[in-house]
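The block underneath contains the structure these notes are about, expressed in structure tokens.
So, in structure tokens, the structure goes:
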């Protein structure tokens with residue numbers, strides 16, 4: 189039986205399973221692993237045929253055996269090297285140094301954490317979440333150190349909140365490979381300098397980045413111009429339309445606060461339910477309106493309220509994007525945007541006048557964003573994935589932990605340990621004997 193488990197654990201000479209103890213009451217199985225060698229290579233300098241000085245007792249949690257927890261125990265030799273003069277512990281083939289888990293156990297843990305919340309994976313594997321976070325913090329940086337970024341040309345830059353209290357991180361995506369490249373705390377121009385340094389460390393070239401899609405942050409614009417000098421900047425649709433929604437909400441709130449009676453009169457003596465329908469109707473597309481929202485928006489469109497003007501401006505900007513995104517003619521897209529900016533500057537609504545000035549100052553980047561629908565859609569999708577990651581990483585405690593779990597789930601790292609639970613090969617010959 190010991191020989192069977194030696195083969196199942198993948199052990200080779202001089203390691204072998206000496207004994208197996210199954211305790212069904214304690215729901216565990218313990219494997220005693222031994223090393224018969226009296227002389228080994230030095231772990232420190234590699235000198236061959238060095239004497240074993242003594243042995244140190246070590247224990248490791250392994251993948252479950254049926255429904256039982258499996259543990260490996262071994263007296264690990266320490267080698268006394270005559271060449272370098274050091275006494276070093278010999279490595280074991282089933283675990284990395286300093287870990288209380290086998291490599292296969294850690295590989296399964298990483299695979300589960302990639303698909304579910306860390307706390308949920310910890311409960312499934314019957315360990316504490318803290319121990320899984322420790323493994324993530326080891327394997328993810330090790331895999332990223334071997335990551336290749338030499339082909340990065342098109343990037344998306346965004347920010348996302350990490351915790352309450354306005355704590356943010358900057359994230360950079362590869363728009364072609366559709367993966368997270370880089371994340372770091374903060375959202376100023378220095379984060380792009382940190383990305384350029386990280387890109388170089390992974391075989392990339394900052395001057396080879398040809399396109400950067402992002403929001404209208406002045407800090408990111410400065411960072412790209414300083415650290416990625418050859419990159420053309422485009423401002424993506426998601427953030428531009430978000431600014432228009434903010435301007436519209438600002439007009440509506442001010443009018444409701446300063447002239448509530450006039451608003452109710454214009455809305456046909458609207459009650460609170462109608463006004464609530466107005467709030468959500470202004471934010472949604474007409475195709476998504478409920479019956480109450482349709483009623484509220486009918487009254488709004490037939491009124492002289494500033495809110496009605498604000499809603500028309502927002503919808504008109506959406507229409508400009510609908511016509512311009514993916515178009516081949518930059519002149520046509522630019523002309524439609526100029527017409528909207530001209531209208532917004534003359535609309536006598538301060539939030540939209542400010543938005544018009546912002547779009548004028550960043551006109552070329554906005555038009556590029558209109559023409560590149562792929563970048564717009566992917567940056568928006570990645571932001572949603574980051575929010576899902578934040579939910580899955582609940583209890584991450586530090587920003588570094590959140591960044592590590594984001595890399596694990598979104599970076600497509602090629603050098604992480606492979607999931608050990610792969611399908612077995614089917615039986616090719618022989619008959620299956622069924623029990624009566």
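In our numbering, the protein residues as written are 189 to 624.
All C-beta atoms, glycine included, are put in the ideal place defined by N, C-alpha and C.
Values in this document were obtained by computation on a predicted structure and should not be read as measured data.
Terminal residues of the alpha helix (DSSP H) in which residue i lies
i	result
residue 495	494-512
residue 318	317-333
residue 386	378-389
residue 241	From DSSP, residue 241 is part of no alpha helix (DSSP H) but of the beta strand (DSSP E) over 238-253.
residue 488	479-489
residue 221	Note, residue 221: premise wrong, no alpha helix (DSSP H); beta strand (DSSP E) at 216-223.
residue 313	306-313
residue 194	190-196
residue 232	Careful: residue 232 lies outside any alpha helix (DSSP H) and carries neither H nor E.
7 angstroms Cβ cutoff met for residue i and residue j
i	j	result
residue 369	residue 362	yes
residue 310	residue 320	yes
residue 267	residue 238	yes
residue 567	residue 423	no
residue 372	residue 382	yes
residue 342	residue 399	yes
residue 508	residue 488	no
residue 248	residue 290	yes
residue 334	residue 592	no
residue 521	residue 558	yes
residue 143	residue 306	Not covered by the structure: residue 143. The range shown for the chain is 189 to 624.
residue 262	residue 246	yes
residue 443	residue 495	yes
residue 540	residue 435	yes
residue 295	residue 605	yes
residue 251	residue 292	yes
residue 272	residue 232	yes
residue 219	residue 208	yes
residue 499	residue 481	no
residue 577	residue 594	yes
residue 223	residue 203	yes
residue 348	residue 573	no
residue 416	residue 397	yes
Identity of the residue in the options nearest residue i by Cα
i	options	result
residue 530	544, 550, 537 and 355	544
residue 346	407, 216, 579 and 302	407
residue 257	281, 435, 312 and 230	312
residue 401	570, 189, 590 and 208	570
residue 324	590, 609, 613 and 614	590
residue 301	195, 614, 598 and 467	598
residue 523	535, 536 and 505	505
residue 240	232, 233, 228 and 234	228
residue 206	357, 195 and 485	195
residue 550	595, 479, 409 and 349	409
residue 338	392, 315 and 286	392
residue 403	517, 360 and 211	360
residue 609	244, 299, 286 and 211	299
residue 473	191, 510, 421 and 351	510
residue 565	425, 259 and 476	425
Host beta strand (DSSP E) of residue i (start-end)
i	result
residue 268	256-268
residue 298	Not the beta strand (DSSP E): residue 298 falls in the alpha helix (DSSP H), residues 291-303.
residue 210	203-211
residue 359	355-362
residue 350	342-351
residue 276	275-277
residue 407	Looking at the DSSP string, residue 407 is not in any beta strand (DSSP E); the run it does join, the alpha helix (DSSP H), is 406-415.
residue 402	399-402
residue 368	367-373
Counted within 10 angstroms of its Cβ, other Cβ atoms place residue i as buried (16 or more) or exposed
i	result
residue 385	exposed
residue 221	buried
residue 465	buried
residue 624	Low confidence applies here, because residue 624 scores a pLDDT of 49, under 50, leaving its location unreliable and the question unanswered by this model.
residue 502	buried
residue 586	exposed
residue 344	buried
residue 278	buried
residue 418	exposed
residue 327	buried
residue 254	exposed
residue 478	exposed
residue 265	buried
residue 304	exposed
residue 552	exposed
residue 354	exposed
residue 490	exposed
Jot down the residue ranges of each uninterrupted alpha helix (DSSP H) in the segment 419-447, minimum 4 residues, whole runs only, in chain order.
Here the runs fully enclosed are 425-446.
Ignoring anything shorter than 3 residues, give me the beta strand (DSSP E) runs that lie fully in the segment 527-606, in order along the chain.
DSSP runs (the beta strand (DSSP E)) wholly in the segment 527-606: none.
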